[in-house]
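Visitor: This is the structure, below, for whatever I ask next.
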Amino acid sequence: MSVISTGVFDNEMKQAVNDLLRSEVSHWQQTWFMNCPFTVDTDFNEALFCGLEVKEVCDQGMHESGIGIYTHSDKEANSLLQQMFNCDESTLKSLLEELNIAPLDTVYADFRSRIAARLGVKESIVHADPQVIVKAKLSWQGGELIVCLDSKVFECLLKQKYASTQSLASLVKAAQHSQIPMRVSLKSESINFVDVMCLKKGDVVMLKQEIEKPISIDVNHASGAVQGYLVERENNKAIIFSES
787 MSVISTGVFD NEMKQAVNDL LRSEVSHWQQ TWFMNCPFTV DTDFNEALFC
837 GLEVKEVCDQ GMHESGIGIY THSDKEANSL LQQMFNCDES TLKSLLEELN
887 IAPLDTVYAD FRSRIAARLG VKESIVHADP QVIVKAKLSW QGGELIVCLD
937 SKVFECLLKQ KYASTQSLAS LVKAAQHSQI PMRVSLKSES INFVDVMCLK
987 KGDVVMLKQE IEKPISIDVN HASGAVQGYL VERENNKAII FSES
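Here our numbering is used: the first residue of the sequence shown is 787, the next is one more, and so on.
Below is the structure:
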């Protein structure tokens, strides 16, 4: 996988994103769905340089804004429209026949513009391989909307965080200057330094000491060295080995 965004949030940023989403959902709901309160549940990506696997994004793709909005079925979409127009199913059918636009497209566009404005996104995002790092479920009595946010949407917010967090800033700098793929994972168990010598390139481990220079590795009587980037997040230390 090519290096994209680190794609992780600390607890402070999670709270900030949660507050932002709930605030904008509330304003959006009051504009379009006066009698339909939404419950907002948010999932955050937890793996460095990875993203959430979301079926709707895989099946339907990501919107060019980096903010994807999905329903599970036409029935749910119609339920949302009934809430919007405050009408029954037969009345909704008549309304849709008279309209020359898809009303949900307008409603979704308004939601995207609200989120983009709060996050400082000024233009469309071209992303051939979306990296969903936040997924929110907006639930109401008749169903739920899935809202997926690409890492690009959070660039301004993440840059502010990286600038104020030395360990993350170092990681981001290393990733930006790396022209090779990386594989990243975190392991909670501790291992001693001797065990590191037997690791394959791409493995990541927790260490008690910092790695400041390439690490010598001797596997099957072949010696070599790999560059390790120190990562520290929530008091856990790890190193990232390049795969080259």
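Beta carbons: idealized from backbone N, C-alpha and C, even for Gly.
All figures in this text were calculated on a predicted structure; none of them were measured in a lab.
Quick test of your reading: C844 and G793, contact by CB under 8 Å. State the CB separation rounded to the nearest angstrom.
Guide: On the sequence shown, residue 844 is found 58 positions in, with the first residue counted as 1. On the sequence shown, residue 793 is found 7 positions in, with the first residue counted as 1. Actually they do not touch by this definition, with Cβ atoms about 17 Å apart.
Visitor: Quick check on this structure: which residue in T857, G847 and Q946 has the alpha carbon closest to the alpha carbon of L905?
Guide: Against the sequence shown, residue 905 aligns to sequence position 119. Out of T857, G847 and Q946, Q946 has the C-alpha closest to the C-alpha of L905.
Visitor: Would you check if the distance between the CB atom of C934 and the CB atom of V840 is smaller than 8 Å?
Guide: Counting from 1 along the sequence shown, the entry for residue 934 is found at position 148. Counting from 1 along the sequence shown, the entry for residue 840 is found at position 54. Yes, the Cβ-Cβ distance between C934 and V840 is below 8 Å.
Visitor: For N831, which residues from the same chain have a beta carbon less than 6 Å from its beta carbon, with the 5 sequence-adjacent residues on both sides left out?
Guide: As a position in the sequence shown, residue 831 is number 45, starting the count at 1. Hits under 6 Å: G793, G837, L838 and I919.
Visitor: By Cβ distance below 8 Å, which residues in the same chain neighbour D896 in space, the five residues on each side in sequence not counted?
Guide: Taking the first residue of the sequence shown as position 1, residue 896 is located at position 110. Excluding sequence neighbours, D896 sits near W814, T817 and W818.
Visitor: Return the residue from the list A903, G854 and E875 that minimises the CA-CA distance to D891.
Guide: Residue 891 sits at position 105 when you count from the first residue of the sequence shown. With distances taken between Cα atoms, D891 lies closest to G854.
Visitor: Classify I853 as helix, strand or coil using the three-state DSSP reduction.
Guide: Counting from one through the sequence shown, the residue named residue 853 turns up at place 67. DSSP places I853 in strand when its eight states are reduced to three.
Visitor: DSSP state of C844, grouped into three classes?
Guide: Your numbering for residue 844 matches position 58 in the sequence shown. In this structure, C844 counts as helix in the three-state DSSP scheme.
Visitor: Using DSSP with H/G/I as helix, E/B as strand and the rest coil, what is E909?
Guide: Residue 909 sits at position 123 when you count from the first residue of the sequence shown. Coil at E909, not helix or strand.
Visitor: Can you check which of these residues, Q869, E850, Y856 and C942, is closest to N821 by C-alpha distance?
Guide: Looking up residue 821 in the sequence shown gives position 35. Looking at the Cα atoms, Q869 is the closest of the given residues.
Visitor: Look up V939 in the DSSP assignment and say whether it is helix, strand or coil.
Guide: For the purposes of this step, residue 939 is identified with residue 153 of the sequence shown, where counting begins at 1. Three-state result, V939: helix.
Visitor: So, with DSSP's three-state summary, where would you put F897?
Guide: Counting from 1 along the sequence shown, the entry for residue 897 is found at position 111. Residue state, collapsed to three classes: helix.
Visitor: Answer yes or no: the CB of N831 versus the heavy atoms of the ligand COA, is any distance below 7 Å?
Guide: The ligand COA is not among the ligands present in this structure, which contains no ligands whatsoever.
Visitor: Check the DSSP bridge columns for T828 and list the partner residues they point to.
Guide: Here residue 828 refers to the residue found at position 42 when the sequence shown is read from its first residue. For T828, which the question treats as bridged, DSSP gives the partners A922.
Visitor: Return the CA-CA distance between S899 and L944, expressed in angstroms with no decimal places.
Guide: Within the sequence shown, the letter at position 113 stands for residue 899. Within the sequence shown, the letter at position 158 stands for residue 944. Their Cα atoms are separated by approximately 19 Å.
Visitor: Taking C-alpha atoms, which residue in A922, E842, S851 and P916 lies nearest to E909?
Guide: Position 123 of the sequence shown holds residue 909. It is S851 whose Cα lies nearest to the Cα of E909.
Visitor: Ignore the nearest five residues each way along the sequence and tell me which others in D829's own chain have a CB closer than 7 Å to its CB.
Guide: Numbered from 1 along the sequence shown, position 43 holds the residue referred to as residue 829. Cβ within range, chain order: L838 and K921.
Visitor: If I follow the unbroken alpha helix (DSSP H) through E862, where does it start and stop?
Guide: Translated into the one-based positions of the sequence shown, residue 862 becomes position 76. Looking at the DSSP string, the run of the alpha helix (DSSP H) that includes E862 is D860 to F871.
Visitor: For V933, which of helix, strand or coil comes out of DSSP?
Guide: Here residue 933 refers to the residue found at position 147 of the sequence shown. V933 falls in the strand class under three-state DSSP.
Visitor: Determine whether the beta carbon atoms of L931 and T857 lie at a separation below 8 Å.
Guide: Translated into the one-based positions of the sequence shown, residue 931 becomes position 145. Translated into the one-based positions of the sequence shown, residue 857 becomes position 71. Yes, the Cβ-Cβ distance between L931 and T857 is below 8 Å.
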